[in-house]
Amino acid sequence: MFVLLVVFAVLLLLLFLDYANKVRFSWITNNLPTVPKCYPLIGNVLMFTGKSKVDRFELFNRAFRAKNRLQLAWAGPSPFVMVLHPDLISKVLCDPNCCDRPMFYRFLKLKLGIFSAEYDFWKPARKMLNPTFNVKTLNDFVPLFEKCALMMVDRLKSCPKGVALDIAEYTRRCALEMVLATTLGASVLVRDENEKFLECLRILFVIVGKRMFNGLLFSDLIYSFTQDYVDEERARKFVTEFSLKVCTQVQRQEVLKGTSREEESEEGIRTSRIFIDQLLTMADTDGQLTDENICEQILTIIIAGSDTSGFTVAYTCLFLAMFPYHQDRLMEEIDTFHPPGGPAITPDTLKDLPFMDQFLKESMRIAPMGPLVGRQNTADIELDGHRIPKGTSLSLNFFELHRRQDIWGPNAHQFDPENFAPERTEGRHPFAFVPFSSGYRNCIGWKYAMINTKVMLIHILRNFRLKTELRFEELRFASSVTLDMLHKHMVVLEPRSRV
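Numbering of the sequence shown is given in numbering that gives the first Met the number 0, commencing with residue 0 and proceeding in unit increments.
Rendered as structure tokens:
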């Protein structure tokens, strides 16, 4: 009886503290609208409990379709302010007091990588690494991008003709080879290791994404008793070992002794190794980075450079296969500026592809690789007259932002490259389209991604016509750490007779 009374008293105390916390936050924020179905102690967690990854993503997106410009959700005792309108999204992304990451980014366990690092470490690291993605360096990478793309095409040519394949398996591997060969100066590793790395990375992202949507698993103690924890640790072990092997391959001692920032590959291509140079400079000059920190940065750049670019090309190929008219139009443009058997691709010729730009942007509008982004304010801020206290998690949904009918029109959910025709982009809100985020913590490698994506697409379309049995209306999206999909990126490659 006494035990029951103690349990009852503790429960009452928890309910009172939870109620007081919510009332206090509501008072501070001037009665910020709250997402429905918010319950004591657990908040809005039941919305996602027991749901599939597709249903979780759809429910989350539905909450962002509210008419409010801001609203509040609760993950247990923790408030999340959902920022819906582009006016407010721009304020958050461009506010120096909103540069920190919310607590659920710790699930990635990359606490010092520039993607998920806390503000105090991120700011000096980002400042030093910004020059590593300058235009001259990126232009130097184009020949290596082309070499990797040609290797990918050779692998695709060896596939059985007329049989659907998951194009993402090939584009992700190509993107991984590109990032290893360029920004890190490392040679391409063993094929089986590359493929296992990509497989483990997907497992890791799916599990971490699932945890982000389940407030009951925010506790490390509770999570450690789940099968997901076991699977995550197994996948993380290989991903970490892979990055350590890359660390070894970049031959740190040679760089520290004064190795040139440019080196010549076996094919005589001049390539920069400026990213790893900058990391080692940070470690050597003022001790900002330890060996462990450097490996985390390298792992971050491998993940960002391979997974996002690889899947962006895979989605673009799938959309091209779904819309043959647009595929033919893009092929004509490529034939004009990059004909088969013509000269090598150059940075200048990549600029002469206006329809490719339109199609790529529409692909990233429909399928942004970073659909959900979080920020945490390091000082009180005000949004639409609501005071948001320091330390609040701010949630931004680019997937839904890219589908707002007040911006993109009544057919916002349809695929239409003309959305990025010059006459339609004029006057559009500057934060209506943010595939690489924007503001202070935008993607450091967005220019890199645009260049290597175009190179891959040019070589794929030079050699193959893409077909698919999937219809656009059948696509069901989900979210892991990056955008996920219920279906695989299944396309049939039809060799082009003129190649």
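Note that the Cβ used here is the ideal one computed from N, Cα and C, for glycine as well. Computed from a prediction, not measured in an experiment: that's the story for all the values here.
Could you check the C-alpha separation between V254 and L143 for me, to the nearest Å? Residue placement at V254 cannot be trusted, given a pLDDT of 49 that sits under 50; the coordinates are not used to answer.
Does the Cβ of R495 have 16 or more other Cβ atoms within 10 Å, making it buried, or fewer, making it exposed? exposed
Where does F79 fall in DSSP's three states? strand
C-alpha distance - N462 paired with P95, whole-angstrom precision: 47 Å
Collapsed DSSP secondary structure at G340 in the structure displayed: coil
Starting from the C-beta of G444, find all residues in its chain whose C-beta is less than 7 Å away, skip the five residues before and the five after it, and write them out in chain order. F132, A303, G304
Taking L465 as the reference, give the member of C173, F398, L319 with the closest Cα. L319
Taking contact to mean at least 3 C-beta pairs separated by less than 8 Å, is the stretch 372–387 in contact with the stretch 335–346? no
With three or more C-beta pairs closer than 8 Å as the rule, is the stretch 40–54 touching the stretch 391–398? no
Along the beta strand (DSSP E) that carries L371, what are the first and last residues, could you check? 371–375
What are the residues that DSSP puts in a beta bridge with G42? Y38, A74
Endpoints, alpha helix (DSSP H) assigned at E473: Note, E473: premise wrong, no alpha helix (DSSP H); not H, not E.
Taking all protein chains shown into account, decide if T424 is buried (16 or more other Cβ within 10 angstroms of its Cβ) or exposed. exposed
Close-in-space but distant-in-sequence residues of the same chain around K195 (CB under 7 Å, 5 per side omitted): F237
By Cβ distance below 6 Å, which residues in the same chain neighbour M330 in space, the five residues on each side in sequence not counted? L460
Residue of A448, D383, L243 minimising C-alpha distance to C294: L243
Could you check if N292 is buried or exposed, using at least 16 other CB atoms within 10 Å of its CB as the buried criterion? buried
Quick one, which of G438, E493, T452 has its alpha-carbon nearest R508's? Coverage of the chain is limited to positions 0 through 498, which leaves residue 508 absent and any answer about it impossible.
Residue of A167, F217, I41 minimising C-alpha distance to E198: A167
Quick test of the definition: if touching needs 3 or more C-beta pairs under 8 Å, does the stretch 482–495 touch the stretch 150–165? yes
Between L71, K108, V6, L469, which has its C-alpha nearest L317's C-alpha? L469
Opposite R386 in the DSSP bridges: which residues? E381
Tell me the DSSP secondary structure of E351 in three-state form. Looking at the sequence provided, one finds Asp at residue 351 rather than Glu. Residue state, collapsed to three classes: coil.
T33, DSSP secondary structure in three states: strand
Output the boundary residues of the beta strand (DSSP E) element that contains R512. Any property of residue 512 remains undetermined from this structure, which presents the chain solely from 0 to 498.
List the DSSP bridge partners of E493. R464
With 16 as the cutoff for other CB atoms within 10 Å, does I221 come out buried or exposed? exposed
Any chance the stretch 212–221 sits against the stretch 320–329, with 3 or more Cβ pairs inside 8 Å? no
With three or more C-beta pairs closer than 8 Å as the rule, is the stretch 345–355 touching the stretch 477–489? no
Under 7 Å Cβ to Cβ from T499, same chain only, skipping five residues before and after it: list those, please. No answer is possible for residue 499: the residues shown for the chain start at 0 and end at 498.
Pull the bridge partners of A477 from the DSSP assignment, please. D483
Continuous alpha helix (DSSP H) stretch holding S89: start and end: 85–92
Could you have a look at L109 and say whether DSSP puts it in helix, strand or coil? coil
DSSP three-state call for S394: helix, strand or coil? strand
Cβ-based burial, V82 [other Cβ within 10 Å; buried from 16]: buried
In whole angstroms, give me the CA-to-CA distance for F217 and I406. 35 Å
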